[in-house]
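Position 262, counted from 1, in the sequence shown is what the UniProt record's numbering calls 262; the numbers after and before it change by one each time, with no gaps. Everything below concerns the one structure shown next.
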Amino acid sequence: MEFREGLTFDDVLLVPKYSDITSRSQVDLGTRLSRNISINMPLISANMDTVTESAMAVTMAREGGIGIIHRFLTMQEQVDEVLKVKRSGSVVIENPYTISPEQTVHDAAAYAEDKGVSGLLVAGPDSKLVGILTERDMEFEEDTSRPVRDLMTKDVVTAGPDIGPGEARRLMHKNRIEKLPLVDGSGTIRGLITSKDITDLENYPGASKDSKGRPLVGAAVGVKDDFMERTDMLLGAGADVIVVDIAHGHSENALSAVRHIKKGFPSCELIAGNVATARGAEDLIKAGVDAVKTGVGSGSICITRVVTGSGVPQLTAVMDCAKVGRDNDIPVISDGGTRTSGDATKALAAGASSVMVGSMLGGTDESPGSVLTKNGKRFKVYRGMASLGASLGRRSKSPGFSMDDDLNDYVAEGVEAMVPYKGSVNDILKQLTGGIRSGLSYCGAHTIPQMQKNAEFIKMSGAGFAESQPHVFS
Ligand code: XMP
1 MEFREGLTFD DVLLVPKYSD ITSRSQVDLG TRLSRNISIN MPLISANMDT VTESAMAVTM
61 AREGGIGIIH RFLTMQEQVD EVLKVKRSGS VVIENPYTIS PEQTVHDAAA YAEDKGVSGL
121 LVAGPDSKLV GILTERDMEF EEDTSRPVRD LMTKDVVTAG PDIGPGEARR LMHKNRIEKL
181 PLVDGSGTIR GLITSKDITD LENYPGASKD SKGRPLVGAA VGVKDDFMER TDMLLGAGAD
241 VIVVDIAHGH SENALSAVRH IKKGFPSCEL IAGNVATARG AEDLIKAGVD AVKTGVGSGS
301 ICITRVVTGS GVPQLTAVMD CAKVGRDNDI PVISDGGTRT SGDATKALAA GASSVMVGSM
361 LGGTDESPGS VLTKNGKRFK VYRGMASLGA SLGRRSKSPG FSMDDDLNDY VAEGVEAMVP
421 YKGSVNDILK QLTGGIRSGL SYCGAHTIPQ MQKNAEFIKM SGAGFAESQP HVFS
């Protein structure tokens, strides 16, 4: 048997090239996520339960990337997370949450909290607007059994459904209001504009958006049980892309799921993975995917290579898959093992159109889970989706689960870690994108496709790697 050499990020460097770039702002990080979707920065937050729910996905989209809501939620919970993202940055919220005037303040507060909104429109029969109830209206009310009609603002400033952002902004300022319900001639609710969404529009000009101006968001599904119904519901909620998420993506289970989804929902933009070989990428593309997710055992919390002996070093995996991707005009995503902006730049230079990131984004305000304190230091949990903890969490929610279940029946392929609490993910994204911009400039490239053409890798020795690290004290 002939042995091929497999390389990863730390085995290589990008050879610096002449650059005419005088400022990082001249570098364009726009790229293709999938066959028909483009994003403005090449980063995707991983579909993991300690990385991406709505808060992370909103931030990723604002910054020009995209987040993939993980699938370890009930169908309705996952749909709600997609809806939260879609509502967060759309200038017009098409179906605003409403409450009836007869319901109690207690119900209203619970509903608003569940949906993550700060106010509700009050709707009478036939969805006619009768009032608006905001957090401020409810704030110090001691008797929460009172009906909404007693506390709501009845005299509501409204606008017609076709009002533009500029006019809405003026109207809200003139009336000093934060929410502007849109109603038609008969008073029926047709939408809602909030001041926050207008501000977001101005503050995040590079946000990735769908055709209605709402933030892009993806959602993951599995390959068994409810995956078709889940896909249907997620697409119905507005998910822009579905990710078939399975550890061994070059398997009949994954290929058959891809075929089923593409047959049932022909216009669904579909990413699938993970694979690590040209043949894996080719088979997924033949099955109909719109992007291939690449990476087996490269993730920071993965023990797949230790437990199964299987995997391909990430740089080689990306290069092999990207060649097939190029031949078929299908983008490839590098998933796992990105620890620095340098790694991300190398993955892009190797042919990936974008990079999925887990650990770098875990431990932030926007990642799910609470901040824990140990010995005066703050942490958050970041765990592999095939770790024992993640699996137990999932199994404990399924019917028939017993604490007496034999843990030896489960072979974990991931571990759990406490990562230092890092604050807002915005700062991390700034560092990452700043580093990638500089990386492109070192390659003499203004764009990612240009870098992919220009890139020249050089393999380094152990001494070269040591020299590449800070070594002032060694
Ligand atoms: P990073 O290195 O960014 O990797 O933390 C994130 C990616 O790791 C994959 N992942 C796993 N791989 N066992 C694995 O072998 C696991 O339990 C596991 N959980 C996540 C996944 O591709 C993710 O995007």
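Cβ coordinates follow ideal geometry from the N, Cα and C atoms, glycine included. Since the model is a prediction, treat every value here as computed from it, not as a measurement.
Open item on the list: Under DSSP, the beta strand (DSSP E) around Asn274 begins and ends at which residues?
Closed with: For the purposes of this step, residue 274 is identified with residue 274 of the sequence shown, where counting begins at 1. It spans 270-275 - the beta strand (DSSP E) in which Asn274 sits, taken as one unbroken run.
Task: Unbroken stretches of the alpha helix (DSSP H), 4 residues or longer, contained in the region 198-284 - done: 227-237, 252-264
Open item on the list: Quick test of the definition: if touching needs 3 or more C-beta pairs under 8 Å, does the region 377-388 touch the region 35-53?
Closed with: yes
Open item on the list: Count Cβ pairs between the region 103-112 and the region 194-206 that sit closer than 8 Å; are there 3 or more?
Closed with: The region 103-112 makes no contact with the region 194-206; the number of CB pairs closer than 8 Å stays below 3.
TODO: Please state if the CB of Ala291 and the CB of Ile261 are separated by a distance shorter than 7 Å.
DONE: Numbered from 1 along the sequence shown, position 261 holds the residue referred to as residue 261. Numbered from 1 along the sequence shown, position 291 holds the residue referred to as residue 291. No; because the gap between Cβ atoms is not below 7 Å, this pair is not in contact.
Task: Cα-Cα separation between Thr98 and Met60, rounded to whole angstroms - done: Against the sequence shown, residue 98 aligns to sequence position 98. Against the sequence shown, residue 60 aligns to sequence position 60. Roughly 28 Å between the two C-alpha positions.
- [ ] Pair every Cβ in the region 321-334 with every Cβ in the region 7-17, then say whether three or more of these pairs are closer than 8 Å.
- [x] No, the region 321-334 does not touch the region 7-17.
Task: Residue-chain proximity (Ser88, chain B), Cβ-Cβ < 7 Å - done: Looking for chain B here will not work: only one protein chain is present.
Open item on the list: Just to confirm the assignment, what range does the beta strand (DSSP E) spanning Ile68 have?
Closed with: In the sequence shown, residue 68 corresponds to position 68, counting from 1. Start and end: 66-69.
TODO: Measuring alpha carbon to alpha carbon, tell me which of Gly389, Ser391, Pro470, Pro368 ends up nearest Lys380.
DONE: As a first step, residue 380 must be located in the sequence shown, where it is residue number 380. Nearest option by C-alpha distance: Pro368.
TODO: Have a look at Phe465 and Arg4 and give me their C-alpha separation to the nearest angstrom.
DONE: Within the sequence shown, numbered from 1, the residue matching residue 465 stands at position 465. Within the sequence shown, numbered from 1, the residue matching residue 4 stands at position 4. Between Phe465 and Arg4, the C-alpha separation is close to 21 Å.
Open item on the list: Measuring alpha carbon to alpha carbon, tell me which residue in Glu113, Lys374, His248 is nearest Thr308.
Closed with: The residue labelled residue 308 in the question sits at position 308 within the sequence shown. Considering only alpha carbons, the answer is His248.
- [ ] Please state if the CB of Val357 and the CB of Thr338 are separated by a distance shorter than 7 Å.
- [x] Here residue 338 is taken as the residue at index 338 of the sequence shown, counted from 1. Here residue 357 is taken as the residue at index 357 of the sequence shown, counted from 1. Going by C-beta atoms, Thr338 is nearer than 7 Å to Val357.
Task: Contact test: Cys321 Cβ vs ligand 1 heavy atom, cutoff 6 Å - done: The residue you call residue 321 lines up with position 321 of the sequence shown. No.
- [ ] Taking 7 Å as the cut-off, decide whether the C-beta atoms of Ala254 and Phe227 are in contact.
- [x] By one-based count along the sequence shown, residue 254 stands at place 254. By one-based count along the sequence shown, residue 227 stands at place 227. Against a cut-off of 7 Å, the Cβ pair of Phe227 and Ala254 comes out as no contact.
Open item on the list: Given this structure, state the Cα-to-Cα distance separating Val306 from Leu14, to the nearest angstrom.
Closed with: If you number the sequence shown from 1, residue 306 lands on position 306. If you number the sequence shown from 1, residue 14 lands on position 14. Val306 and Leu14: Cα-Cα distance of roughly 29 Å.
Task: One or two residues paired with Gly37 in a DSSP bridge - done: For the purposes of this step, residue 37 is taken as residue 37 along the sequence shown, with counting starting at 1. According to the sequence displayed, residue 37 carries Ile and not Gly. In the DSSP output, where bridge partners are listed per residue, Ile37 has none listed.
Open item on the list: Could you check whether the Cβ of Met356 sits closer than 6 Å to any heavy atom belonging to ligand 1?
Closed with: Along the sequence shown, read from residue 1 onward, the residue named residue 356 stands at position 356. Because some heavy atom of ligand 1 lies under 6 Å away, the Cβ of Met356 counts as near it: yes.
TODO: Would you kindly report the start and end of the unbroken beta strand (DSSP E) that includes Lys459?
DONE: The residue given as residue 459 occupies position 459 in the sequence shown. Its beta strand (DSSP E) spans residues 457-459.
Open item on the list: Nearer than 6 Å: is that true of the beta carbon of Ser441 relative to any heavy atom of ligand 1?
Closed with: Here the question's residue 441 lines up with position 441 in the sequence shown. For ligand 1, not one heavy atom lies less than 6 Å from the Cβ of Ser441.
TODO: Look at Ser364 and Val425 and say whether their C-beta atoms are less than 7 Å apart.
DONE: Taking the first residue of the sequence shown as position 1, residue 364 is located at position 364. Taking the first residue of the sequence shown as position 1, residue 425 is located at position 425. In the sequence as displayed, the identity of residue 364 is Thr instead of Ser. Contact: yes.
- [ ] Spatial neighbours of Met360 within its chain, please: CB distance less than 8 Å, with the 5 preceding and 5 following residues excluded, ordered by chain position.
- [x] As a first step, residue 360 is located in the sequence shown; it is residue number 360 there, counting from the start. Excluding sequence neighbours, Met360 sits near Thr338, Arg339, Ile428, Leu432.
Open item on the list: Let's test the definition: count the other Cβ atoms within 10 Å of the Cβ of Leu372 and tell me whether it reaches 16, buried, or not, exposed.
Closed with: Numbered from 1 along the sequence shown, position 372 holds the residue referred to as residue 372. Classification of Leu372: exposed, given that the 10 Å Cβ count is below 16.
Task: Assigned secondary structure, Asp155 (DSSP; H/G/I helix, E/B strand, else coil) - done: In the sequence shown, the residue the question calls residue 155 occupies position 155. Here Asp155 sits in coil by DSSP.
Task: beta-carbon Asp335 near ligand 1 non-hydrogen atom, thresh 6 Å - done: Position 335 of the sequence shown, counted from the start, is the residue given in the question as residue 335. Look at Asp335: its beta carbon is less than 6 Å from one of the heavy atoms in ligand 1.
- [ ] Report yes if the C-beta of Met56 is less than 6 Å from at least one heavy atom of ligand 2; otherwise report no.
- [x] What this structure holds is ligand 1, not ligand 2.
TODO: Just tell me which of Thr144, Tyr18, Glu63 has its CA closest to the CA of Pro215.
DONE: For the purposes of this step, residue 215 is identified with residue 215 of the sequence shown, where counting begins at 1. Closest option to Pro215, judged by alpha-carbon separation, among Thr144, Tyr18, Glu63: Glu63.
Open item on the list: Could you compute how far the alpha carbon of Gly414 sits from the alpha carbon of Thr304?
Closed with: Taking the sequence shown and counting its residues from 1, one reaches residue 414 at position 414. Taking the sequence shown and counting its residues from 1, one reaches residue 304 at position 304. Going from the Cα of Gly414 to the Cα of Thr304 covers about 7 Å.
- [ ] Indicate, with yes or no, if ligand 1 has a heavy atom lying under 6 Å from the CB of Met41.
- [x] Counting from 1 along the sequence shown, the entry for residue 41 is found at position 41. No, since every heavy atom of ligand 1 falls outside the 6 Å radius drawn around the Cβ of Met41.
- [ ] Assign Gly236 to buried or exposed, taking buried as 16 or more other Cβ atoms, counted over all protein chains shown, within 10 Å of its Cβ.
- [x] Numbered from its first residue, the sequence shown carries residue 236 at position 236. Exposed, because fewer than 16 other Cβ atoms sit within 10 Å of the Cβ of Gly236.
TODO: Use the C-beta contact count for Gln76: other C-beta atoms within 10 angstroms, 16 or more gives buried, fewer gives exposed.
DONE: In the sequence shown, residue 76 corresponds to position 76, counting from 1. The residue in question, Gln76, is exposed, as its Cβ has fewer than 16 Cβ neighbours within 10 Å.
Open item on the list: Less than 7 Å between the C-beta atoms of Ser118 and Lys84, yes or no?
Closed with: Translated into positions along the sequence shown, residue 118 becomes position 118. Translated into positions along the sequence shown, residue 84 becomes position 84. Not closer than 7 Å, so no.
- [ ] Give the range of the beta strand (DSSP E) segment to which Phe379 is assigned.
- [x] Your numbering for residue 379 matches position 379 in the sequence shown. Taken as a continuous stretch (DSSP letters only), the beta strand (DSSP E) holding Phe379 covers 377-383.
Task: Cα-Cα separation, Met41 to Gly389 - done: Along the sequence shown, one-based indexing puts residue 41 at 41. Along the sequence shown, one-based indexing puts residue 389 at 389. The alpha-carbon atoms of Met41 and Gly389 are separated by roughly 32 Å.
TODO: Would you give the residue range spanned by the alpha helix (DSSP H) that Ser354 belongs to?
DONE: As a first step, residue 354 must be located in the sequence shown, where it is residue number 354. Counting along the chain, Ser354 falls outside any alpha helix (DSSP H), though it belongs to the beta strand (DSSP E) covering 354-357.
- [ ] Could you tell me how far apart the beta carbons of Gln314 and Gly280 are, in whole angstroms, since I believe they sit closer than 8 Å?
- [x] Numbered from 1 along the sequence shown, position 314 holds the residue referred to as residue 314. Numbered from 1 along the sequence shown, position 280 holds the residue referred to as residue 280. Rounded, the Cβ-Cβ distance is 14 Å, inconsistent with contact.
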